[in-house]
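For the sequence shown, the numbering used here gives the first residue as 1, with consecutive numbering after it.
Here is the structure we will look at.
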Amino acid sequence: MADQKTLTVDIGGSGIKAMVLDTNGNPIGKRTRVPTPRPARPDSVLEGIVKLAKGQSDFDRVSVGFPGVIRKGITETAVNLHKDWIGFDLEGVLSKKLDKPVRVLNDADVQGFGAISGKGVELVVTLGTGFGSALFLDGKLVPNLEVAHHPFHRGKTYEEHLGSAALEKAGRKKWQRRVMQAIASLEHLFNYDTLYIGGGNARRLRLDLPPNVKIIPNVAGLLGGIALWRD
Ligand code: BGC
């Protein structure tokens, strides 16, 4: 098959990022970003994606990481965006707007594809506006693992304790301690071989981590976009 260029898009709670990847998944050109519109309704978020697409070089297909549960291209949840996303055909609508085939996956799942080795049980969590999670066995994804809204500590969820709002409120020291507690709790739950920690706030961590826990750069959320086209 001829070379295929992929526009990869990461819809986050504070920014929408985009980049074009070559056939092998290597970046072509620069990452661009627009702030996530507020309220983050489908039409205004789509407008942002179209703007980013116009500013990038040519592409043949599109991958999108979305911060919610995705089934068959439909967004089923969107806790940190807007309720109008529930039941929205993101794949279909964006494909019409850009006149290109589109594939959509949960943002943490995409980030995971950009980071994992493909060996054993690999868990990925992302620290950003929300708390993302993704699980892989020998490189195969268990889709839509949602740790975020599960109880973690004192009646509050992982996301309530570890999301950006909690980081702001509690401060970095306290938040880091919670991250360590979350790692311990997830280790007992998943017995992973490797845990990857990504998302925009991962760079705020100053921790001595066990050898099987790795911090990954947030650009993994774009690089992983190539995996959506591996049939
Ligand atoms: C959502 C997840 C998402 C995560 C990170 C959570 O609130 O429920 O689906 O992956 O935020 O964006």
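From the three backbone atoms N, C-alpha and C, an ideal C-beta is built for every residue, glycine too.
Residues that DSSP places opposite residue i in a beta bridge
i, result
"Val88", "Going by the sequence as given, residue 88 is Phe instead of Val. According to DSSP, Phe88 bridges with Thr75."
"Pro27", "Leu21"
"His161", "Answer by DSSP bridge pairing: none, since His161 is not bridged."
"Ile70", "Thr75"
"His153", "Lys156"
"Ser63", "Thr8 and Arg103"
"Leu127", "Phe131"
"Ile16", "Ile11 and Val34"
"Glu122", "Phe136 and Thr194"
"Leu141", "Phe136"
Beta-carbon separation (whole angstroms), residue i vs residue j, contact threshold 8 Å
i, j, result
"Leu98", "Val50", "7 Å"
"Asp193", "Pro143", "20 Å between Cβ atoms; not a contact."
"Leu222", "Thr8", "5 Å"
"Pro42", "Trp85", "6 Å"
"Trp229", "Thr6", "6 Å"
"Gly224", "Gln111", "6 Å"
"Val125", "Gly132", "6 Å"
Cβ-based burial, residue i [other Cβ within 10 Å; buried from 16]
i, result
"Asn26", "exposed"
"Leu189", "exposed"
"Leu94", "buried"
"His150", "exposed"
"Asn80", "buried"
"Arg103", "buried"
"Ala2", "exposed"
"Pro210", "exposed"
"Ala227", "buried"
"Ser14", "exposed"
"Pro67", "buried"
"Asp138", "exposed"
"Glu91", "buried"
query = In chain order, which beta strand (DSSP E) runs of at least 3 residues are fully inside the region 171 to 218?
reply = Segments of the beta strand (DSSP E) lying fully in the region 171 to 218: 194 to 198 and 213 to 215.
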